[in-house]
Amino acid sequence: MSNATVTPTPARQETVPPETPRRRKSQDSGIPQSPIQRRVTRPLQYVALAGYIVFLGFPLLFLLTTAFKTPAELQSPNPTFLPTSLNFDNFIQAIAKANLVQAAGNSLIVAVATTVIVTLISLPAAYALARFRTKLRSIATGWILLSQVFPFILIIIPLFLVLKQIGLINNLLGLILVYSVWSLPFALWMLQGYVAGIPVELEEAGAMDGGSRIRVLVSIVLPLLAPGLVATSLFTFISAWNEFFFALVLIQDPALQTLPLTLARFVGAEGQVQLGQLAAASLLATIPSLVFFALIQRRLTSGLLSGAVKG
Numbered sequence: 001m002s003n004a005t006v007t008p009t010p011a012r013q014e015t016v017p018p019e020t021p022r023r024r025k026s027q028d029s030g031i032p033q034s035p036i037q038r039r040v041t042r043p044l045q046y047v048a049l050a051g052y053i054v055f056l057g058f059p060l061l062f063l064l065t066t067a068f069k070t071p072a073e074l075q076s077p078n079p080t081f082l083p084t085s086l087n088f089d090n091f092i093q094a095i096a097k098a099n100l101v102q103a104a105g106n107s108l109i110v111a112v113a114t115t116v117i118v119t120l121i122s123l124p125a126a127y128a129l130a131r132f133r134t135k136l137r138s139i140a141t142g143w144i145l146l147s148q149v150f151p152f153i154l155i156i157i158p159l160f161l162v163l164k165q166i167g168l169i170n171n172l173l174g175l176i177l178v179y180s181v182w183s184l185p186f187a188l189w190m191l192q193g194y195v196a197g198i199p200v201e202l203e204e205a206g207a208m209d210g211g212s213r214i215r216v217l218v219s220i221v222l223p224l225l226a227p228g229l230v231a232t233s234l235f236t237f238i239s240a241w242n243e244f245f246f247a248l249v250l251i252q253d254p255a256l257q258t259l260p261l262t263l264a265r266f267v268g269a270e271g272q273v274q275l276g277q278l279a280a281a282s283l284l285a286t287i288p289s290l291v292f293f294a295l296i297q298r299r300l301t302s303g304l305l306s307g308a309v310k311g
């Protein structure tokens, strides 16, 4: 036999094409962006955000600076934006003249009671509309949306006559009922979207473990619905706290007036505005809403995002 020399064949090296750089997706829209696009859009986003903050914060800053100005500074032909010194006379006179403490108590009673009533009614109603497939569901949803189309000026006269017949004029209970009825459709519409975003499989798993519908609602649905309840409660509270027109028509007793009615006292019959005292009173009136918002800001943000994605 002849000895054959076998030459080893070199291994074929596979050439890997260079990886094409991927475009980063925008965190907001999900659209791929090139580095050049990011360099252009990022500063624009910051500018838009700064403008939005200035737009929202300027009225509060104007109230703050005006509340500490003296009458001479407010009536000066060459006014300045910042006060020359901190003057607390406007706050003292506003509290003494308009009785802001009593008005704030009335507004707090009305706003809290309205929020509790609306939450207790809208929660089971929203769950029923989101889960139960009945013929009345579309009719009820249509009436809820239709009720938000008409302005409240259309119902103020018949509403006044009805409340007068049952003795609820000049009564905080009548104001609470009106606010509750007016805020209920919006709260129901919001919560229905949150309930629809909760997977039905979670409730079915709870029912298979032997839980009743009430128990499943309390132990499973309600904790997942907490951010939505916070967002709905905040909108209901602020709308009741700031409402003016219904309170103007239904409340004439000065001892029962809410904060918006009390602030109107600083505008004279001839249109003369006590600007310093009005700014001080308005600034004090915004404190409860700001505190309430600061306490629930984190849950409110998650609730709004959850409703936007799932609803």
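Mapping of the sequence shown onto full-length UniProt numbering: residues 1 to 311, in sequence order.
We put the CB at the ideal spot given by N, CA and C, even for glycine.
Under 8 Å between C-beta atoms of residue i and residue j
{"i": "residue 90", "j": "residue 279", "result": "yes"}
{"i": "residue 108", "j": "residue 223", "result": "no"}
{"i": "residue 176", "j": "residue 114", "result": "yes"}
{"i": "residue 260", "j": "residue 281", "result": "no"}
{"i": "residue 225", "j": "residue 267", "result": "no"}
{"i": "residue 65", "j": "residue 43", "result": "no"}
{"i": "residue 172", "j": "residue 120", "result": "no"}
{"i": "residue 71", "j": "residue 276", "result": "yes"}
{"i": "residue 156", "j": "residue 249", "result": "yes"}
Distance, residue j Cα to residue i Cα
{"i": "residue 312", "j": "residue 63", "result": "An answer regarding residue 312 cannot be provided, because it is not within the stretch 1 to 311 covered by the chain."}
{"i": "residue 292", "j": "residue 285", "result": "12 Å"}
{"i": "residue 218", "j": "residue 199", "result": "15 Å"}
{"i": "residue 265", "j": "residue 133", "result": "52 Å"}
{"i": "residue 81", "j": "residue 69", "result": "10 Å"}
{"i": "residue 330", "j": "residue 182", "result": "Residue 330 falls outside the range modelled here, since the chain spans only 1 to 311, and no answer is possible."}
{"i": "residue 168", "j": "residue 290", "result": "31 Å"}
{"i": "residue 47", "j": "residue 37", "result": "16 Å"}
{"i": "residue 294", "j": "residue 254", "result": "31 Å"}
{"i": "residue 208", "j": "residue 216", "result": "10 Å"}
{"i": "residue 54", "j": "residue 127", "result": "39 Å"}
{"i": "residue 129", "j": "residue 79", "result": "57 Å"}
{"i": "residue 214", "j": "residue 201", "result": "16 Å"}
{"i": "residue 314", "j": "residue 112", "result": "With the chain represented from 1 up to 311, any question about residue 314 goes unanswered, as that position is not in the structure."}
Option nearest residue i by Cα separation, candidates the options
{"i": "residue 232", "options": "118, 37, 214", "result": "118"}
{"i": "residue 125", "options": "185, 290, 220", "result": "185"}
{"i": "residue 110", "options": "35, 148, 178", "result": "178"}
{"i": "residue 93", "options": "106, 67, 112, 85", "result": "67"}
{"i": "residue 106", "options": "41, 207, 241", "result": "241"}
{"i": "residue 296", "options": "234, 165, 214", "result": "234"}
{"i": "residue 193", "options": "40, 52, 39, 131", "result": "131"}
Whole-number beta carbon distance between residue j and residue i, since they are thought to touch under 8 Å
{"i": "residue 122", "j": "residue 74", "result": "Contact flag wrong, Cβ pair sits at about 45 Å."}
{"i": "residue 203", "j": "residue 221", "result": "7 Å"}
{"i": "residue 236", "j": "residue 103", "result": "Not quite, the Cβ-Cβ distance comes to about 20 Å (not below 8 Å), so this is no contact."}
{"i": "residue 58", "j": "residue 152", "result": "Residue 58 to residue 152, Cβ: 29 Å. No contact."}
{"i": "residue 95", "j": "residue 170", "result": "Rounded, the Cβ-Cβ distance is 24 Å, inconsistent with contact."}
(message) Does the structure place the region 89–104 close enough to the region 156–170 that three or more beta carbon pairs sit under 8 Å?
(response) no
(request) Tell me, please, whether the region 131–144 touches the region 180–199 by the rule of three or more beta-carbon pairs shorter than 8 Å. (result) yes
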